[in-house]
Ligand SMILES: [Zn+2]
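In my numbering, the protein residues as written are 2 to 101.
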């Protein structure tokens, strides 16, 4: 499972905290220490009443990775070219190995 990042807000002091599942066994507390989130890879423990907010940074990251149809085609063509070159280069060696 990939790394989880959540943004949450304390409903008492309005402090906004970001919790990262990569930080193992770390509880993120808000300023007033009434609310906390312990985010692990497979579970989330909450103390108090954290309000989970949409994490925009992660969304824009996904958007930035998205390729247009033309770019996807070009990327595939490039990958195929590289693969063909590797096959061409390695073929004599593979044939040699197959003989043994
Ligand atoms: Zn608070």
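Just so it is clear, CB atoms sit at the ideal spot from N, CA and C, and this is done for glycine as well.
Residue environment, residue 93, which counts as buried when at least 16 other CB atoms sit within 10 Å = exposed
query = Quick one, are the C-beta atoms of residue 54 and residue 8 less than 8 Å apart?
reply = yes
ask   = Once you ignore the five residues that flank residue 22 on each side, which residues in its own chain have a CB closer than 8 Å to its CB?
value = 4, 5, 6, 40, 41, 42
query = Going by beta carbon distance, what residues of the same chain come within less than 6 Å of residue 20, once the five residues before and after it are set aside?
reply = 7, 29, 38, 40
Neighbourhood of residue 56 by C-beta, 7 Å cutoff - its chain only, sequence neighbours within 5 removed = 6, 7, 8
message = Quick check on DSSP: helix, strand or coil for residue 90?
response = helix
Residue 69: CB within 7 Å of a non-hydrogen atom of ligand 1 = no
ask   = Taking C-beta to C-beta, are residue 10 and residue 48 nearer than 8 Å?
value = no
inquiry  = Between the alpha carbons of residue 77 and residue 88, how many angstroms are there, rounded?
reply    = 16 Å
ask   = At a cut-off of 7 Å, is residue 73 close to ligand 1 when judged by its beta-carbon and the heavy atoms of the ligand?
value = no
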